[in-house]
Amino acid sequence: MILEYKINHTDWPYLMPMVQASLNHTAVPSLDNKAPVKLFTGLPCPTPLREFYLPDEREGRGGLQEVPEVDKIDEFSPT
1 MILEYKINHT
11 DWPYLMPMVQ
21 ASLNHTAVPS
31 LDNKAPVKLF
41 TGLPCPTPLR
51 EFYLPDEREG
61 RGGLQEVPEV
71 DKIDEFSPT
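Structure representation (structure tokens):
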């Protein structure tokens, strides 16, 4: 993964929470195609892309932003 995405090995501690969240929210065949988070908490499993990095042109910087509702996604598309 480090080689594929050209990530510095010293950044791994910062990426670990995202990797763990991805594993916890991924459906597993041995769990009847359910995600561990759904089975252990009973809560609905959010989409893995609920938040992602978007450049913020107004501030001149980027950050994590919540994904808008499906009908509003086009407003965030680059032109």
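In the UniProt record's numbering, the protein residues as written are 1 to 79. All C-beta atoms, glycine included, are put in the ideal place defined by N, C-alpha and C. Since the structure is predicted, the reported quantities are computational estimates derived from the model, not experimental observations.
Assigned secondary structure, K34 (DSSP; H/G/I helix, E/B strand, else coil): strand
T26 versus P36 - alpha carbon distance: 7 Å
Residues bridged to V19 (per DSSP): V19 pairs with nothing; no bridge assigned.
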